[in-house]
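> Before I ask anything, here is the structure I am working with.
There are 2 protein chains.
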Amino acid sequence: MGRPRTRDWDELRRELLEAAGRLLAQEGPQALSTRRVAHEVGTSTTAVYNLFQDKAGLLRAMFLDGFAALEERFADVPVDGDPEADLLALGYAYRAAARANPHRYDLMFGRPIADFLPSEADLARIRGTFDTLVRAVARCVACGRFAPTDPDDIATHLSALVHGLASLELRGALGEGEQADHRWRIALEAACRGHRAVTWAAVPG
Amino acid sequence: MGRPRTRDWDELRRELLEAAGRLLAQEGPQALSTRRVAHEVGTSTTAVYNLFQDKAGLLRAMFLDGFAALEERFADVPVDGDPEADLLALGYAYRAAARANPHRYDLMFGRPIADFLPSEADLARIRGTFDTLVRAVARCVACGRFAPTDPDDIATHLSALVHGLASLELRGALGEGEQADHRWRIALEAACRGHRAVTWAAVPG
DNA sequence: CGGTGTTATGAAACAGCGTTGCGGTACTGT
DNA sequence: ACAGTACCGCAACGCTGTTTCATAACACCG
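Line order of the protein sequences matches chains A and B.
FYI, the numbering for the first sequence is 1 to 205, going by the numbering used here.
FYI, the numbering for the second sequence is 1001 to 1205, going by the numbering used here.
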């Protein structure tokens, strides 16, 4: 008994997330107010508190969605080609994800909204994305391309590098168009070269 | 004519900046409200609007202070030793600055407060810090240690890397104590090695 | 069919934020 | 002494996240 739901909860939840994602992508994090998001789908702020615990809950859902999208891009990267080429492809997939939705990237890896901090559980949920990178690195080490080093350490290095590059690029500090491409290539290739077991090309192009 | 200032402007400005810096360091960006900062030095919010244009002006001042502190640390790094060692020292100076005041680091390189975006002029003001890095890289290229590459591109690579490492470390993603040290070393050394003109040590320790 | 219980819902209240305008204060030039 | 004015802080406005509460709408029961 009790008053029946005039809207399906799952559907409303999806609509709210969609609206919030659109607002974040198009107008940035400042547009993400509970009133605004609720109004966008024709309901009131209470719905946000029913379906997500609070605003941080809404942000957490978007945060996890972002990592799901990143993981999807990673899944499209082959794992059976040249190990180092695959590794570079992961880097470029990361770059593409950041450029596709800069504000969401900020939500995932920056901290544009003060009152949201990913919990330990959220971070564990994310570990999977990082593991994809570790596996790709491990292949480079296993086949002798990379010097015998803890793949976790190398993956951490590369992860820091792509995050730094993405941050600089989204801030416009990497230059325009081709120059940004060039700098991504310079950095990623040098980073990989630095881990090679044997360097047969002393002078890069 | 006119009512005399009951407090010296420069002094009040300094006090406000100091209080804001203390609040940011100890309680994080959420504690940085105009009311709170003003109350901390025994004045009202109006002072903030007199001395800085608005809250963003206060944040901009702290932002510039942060870069001044970073520049000071860079100035302490020798420029007459082994070029690559000097370059690594710059990286560790950057790390030390980030760890000394994590919240201020976020303010400088992240975007913890939505309504503050550094202007073009601010970014130009900062270019000097980046130039220190470019010069150190140029020395490595000039003496033949690094392959002939645009020093700007290499400096961009290293800058992205240290920013990424600092971000990960401040988030606790680099592990505890020695492990974080180890990962900084692995990453910085591999990055430098990747730019070497000749690699004589094929397998790193 | 009417009453009742239960639940969904949105409007309104509350505290806090950045910001602005107004009125009072306290000194200086005449 | 008096007028003028630069300064200062209180209070208001519109916004935020969050909670509360009155209302609405159904299912069940007598």
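For glycine and all other residues, C-beta sits at the position ideal for the given N, C-alpha and C.
Got a sec? Which residues, its chain only, sit under 6 Å from residue 205/A by beta carbon, not counting five neighbours each side?
Numbered from its first residue, the first sequence carries residue 205/A at position 205. At residue 205/A the pLDDT is 39, less than 50, meaning the model places this residue with poor confidence; the figure from the coordinates comes in the next sentence. Same-chain partners within the cutoff: there are none.
> Using the three-state DSSP reduction, which class does residue 67/A fall into: helix, strand or coil?
Along the first sequence, read from residue 1 onward, the residue named residue 67/A stands at position 67. Residue state, collapsed to three classes: helix.
> What are the partner residues of residue 171/A, as DSSP defines its beta bridges?
Taking the first residue of the first sequence as position 1, residue 171/A is located at position 171. For residue 171/A, which the question treats as bridged, DSSP gives no partner whatsoever.
> With H, G and I counted as helix, E and B as strand and the rest as coil, what does DSSP make of residue 1022/B?
Position 22 of the second sequence, counted from the start, is the residue given in the question as residue 1022/B. Here residue 1022/B sits in helix by DSSP.
> Pick helix, strand or coil for residue 95/A, following the three-state DSSP scheme.
Taking the first sequence and counting its residues from 1, one reaches residue 95/A at position 95. DSSP places residue 95/A in helix when its eight states are reduced to three.
> Taking 9 Å as the threshold (beta carbon to beta carbon), is residue 1140/B in contact with chain A?
Walking along the second sequence from the start, residue 1140/B turns up at place 140. It does not; no Cβ of chain A falls within 9 Å.
> Are the beta-carbon atoms belonging to residue 1118/B and residue 1063/B less than 9 Å from one another?
Against the second sequence, residue 1118/B aligns to sequence position 118. Against the second sequence, residue 1063/B aligns to sequence position 63. Yes, they are a contact pair.
> What distance in whole Å lies between the Cβ atoms of residue 1191/B and residue 1165/B, which are believed to be in contact at a cut-off of 8 Å?
For the purposes of this step, residue 1165/B is taken as the residue at position 165 of the second sequence. For the purposes of this step, residue 1191/B is taken as the residue at position 191 of the second sequence. About 10 Å separates the two Cβ atoms, so there is no contact after all.
> Using a Cβ-Cβ cut-off of 8 Å (strictly less than) and excluding sequence neighbours within five positions of residue 197/A, which residues of its own chain qualify?
In the first sequence, residue 197/A corresponds to position 197, counting from 1. Within the same chain, residue 197/A has close Cβ partners 144, 145, 146, 147, 148.
> Using the C-alpha atoms, what's the distance from residue 1065/B back to residue 1103/B?
To locate residue 1103/B, count along the second sequence from 1; it is residue 103. To locate residue 1065/B, count along the second sequence from 1; it is residue 65. C-alpha separation (whole angstroms): 13 Å.
> Could you check whether the stretch 173 to 189 of chain A touches the stretch 1182 to 1189 of chain B, counting it as contact only if at least three pairs of C-beta atoms, one from each stretch, sit closer than 8 Å?
Counting Cβ pairs under 8 Å, fewer than three are found: no touch.
> Consider the Cβ of residue 1111/B: report whether some Cβ of chain A lies at a distance smaller than 9 Å.
In the second sequence, counting from the first residue as 1, residue 1111/B sits at position 111. Yes, its Cβ sits closer than 9 Å to a Cβ of chain A.
> Closer than 7 Å by C-beta to residue 256/A: which residues in its own chain qualify, once you throw out the five before and the five after it? Chain order, please.
With chain A covering only 1 through 205, there is no way to say anything about residue 256/A.
> Tell me whether residue 44/A is buried or exposed, calling it buried when 16 or more other Cβ atoms sit within 10 Å of its Cβ.
Locating residue 44/A in the first sequence gives position 44, where the first residue counts as 1. Under this definition residue 44/A is an exposed residue.
> On the DSSP letters alone, give me the boundaries of the alpha helix (DSSP H) that residue 107/A sits inside.
In the first sequence, the residue the question calls residue 107/A occupies position 107. Residues 102 to 109.
> Note down, in chain order, all residues in the stretch 76 to 108 of chain A with a beta-carbon under 8 Å from any beta-carbon belonging to chain B.
Correct list: 106.
> Going by the DSSP bridge assignment, what does residue 1146/B pair with across the sheet?
As a working note, residue 1146/B is residue 146 in the second sequence. DSSP, once it has assigned bridges, lists 1196/B as partnering residue 1146/B.
> Please classify residue 1054/B as buried or exposed, where buried requires at least 16 other C-beta atoms within 10 Å of its C-beta.
Stepping through the second sequence from its first residue, residue 1054/B is reached at position 54. Exposed, by the Cβ-count rule.
> Starting from the Cα of residue 130/A, find the closest Cα among 67/A, 180/A, 178/A and give me that residue.
The count along the first sequence starts at 1 and reaches residue 130/A at position 130. Residue 67/A is the option with its Cα nearest to residue 130/A.
> What residues in its chain sit with their C-beta under 8 Å from that of residue 23/A, if we drop five residues either side in the sequence?
If you number the first sequence from 1, residue 23/A lands on position 23. 31, 32, 36, 37, 40.
> Residues of chain A with CB under 9 Å from residue 1181/B, in chain order?
Start at 1 with the first residue of the second sequence, and residue 1181/B comes out as number 181. Those do not exist, as residue 1181/B stays about 12 Å from chain A at its closest Cβ, beyond 9 Å.
> Which residues mark the beginning and the end of the alpha helix (DSSP H) in which residue 6/A is found?
The residue you call residue 6/A lines up with position 6 of the first sequence. Per DSSP, residue 6/A belongs to no alpha helix (DSSP H) and is neither H nor E.
> Helix, strand or coil for residue 176/A per DSSP?
Start at 1 with the first residue of the first sequence, and residue 176/A comes out as number 176. Correct three-state label for residue 176/A: coil.
> Cα-Cα, which of 69/A, 167/A, 153/A is closest to residue 1178/B?
Along the second sequence, one-based indexing puts residue 1178/B at 178. Nearest of 69/A, 167/A, 153/A to residue 1178/B, Cα basis: 153/A.
> Helix, strand or coil, according to DSSP, for residue 1030/B in the structure here?
Stepping through the second sequence from its first residue, residue 1030/B is reached at position 30. Residue 1030/B: helix per DSSP, three-state reduction.
> Once DSSP output is grouped into helix, strand and coil, what is the label at residue 1128/B?
To locate residue 1128/B, count along the second sequence from 1; it is residue 128. Here residue 1128/B sits in helix by DSSP.
> Give the C-beta separation of residue 1090/B and residue 1077/B to the nearest angstrom, bearing in mind that I take them to be a contact with Cβ-Cβ under 8 Å.
For the purposes of this step, residue 1090/B is taken as residue 90 along the second sequence, with counting starting at 1. For the purposes of this step, residue 1077/B is taken as residue 77 along the second sequence, with counting starting at 1. Between residue 1077/B and residue 1090/B the Cβ distance is about 5 Å, and since that is below 8 Å, they are a contact.
> Is residue 1156/B close to chain A, meaning its C-beta is less than 9 Å from at least one C-beta of that chain?
Reading the second sequence from its first residue, position 156 is the one you call residue 1156/B. It does: the Cβ of residue 1156/B has a partner Cβ on chain A nearer than 9 Å.
> Would you tell me roughly how many angstroms separate the C-alpha atoms of residue 92/A and residue 1047/B, rounded to the nearest one?
In the first sequence, residue 92/A corresponds to position 92, counting from 1. In the second sequence, residue 1047/B corresponds to position 47, counting from 1. C-alpha separation (whole angstroms): 48 Å.
> Please state if the CB of residue 61/A and the CB of residue 97/A are separated by a distance shorter than 9 Å.
For the purposes of this step, residue 97/A is taken as residue 97 along the first sequence, with counting starting at 1. For the purposes of this step, residue 61/A is taken as residue 61 along the first sequence, with counting starting at 1. No, Cβ-Cβ distance for residue 97/A and residue 61/A is not below 9 Å.
> Between the Cα of residue 195/A and those of 168/A, 163/A, 162/A, 141/A, spot the shortest distance and give me the residue it belongs to.
Walking along the first sequence from the start, residue 195/A turns up at place 195. That would be 141/A, whose Cα lies nearest to the Cα of residue 195/A.
> I'd like to know whether the C-beta of residue 1153/B is nearer than 9 Å to at least one C-beta of chain A.
Mapped onto the second sequence, residue 1153/B falls at position 153. Answer yes: the Cβ-Cβ gap between residue 1153/B and chain A drops below 9 Å somewhere.
> Closest Cβ-Cβ distance between residue 1189/B and chain A: below 9 Å?
The count along the second sequence starts at 1 and reaches residue 1189/B at position 189. Yes, residue 1189/B counts as interfacial toward chain A.
> Thinking C-beta only, is residue 1099/B closer than 9 Å to residue 1170/B?
Counted from its first residue, the second sequence places residue 1170/B at position 170. Counted from its first residue, the second sequence places residue 1099/B at position 99. In contact: residue 1170/B and residue 1099/B (Cβ atoms closer than 9 Å).
> Tell me which same chain residues have a C-beta within less than 6 Å of the C-beta of residue 81/A, skipping the five on either side of it?
Indexing the first sequence from 1 puts residue 81/A at position 81. Closer than 6 Å at the Cβ level, and outside the excluded window around residue 81/A, lies no residue.
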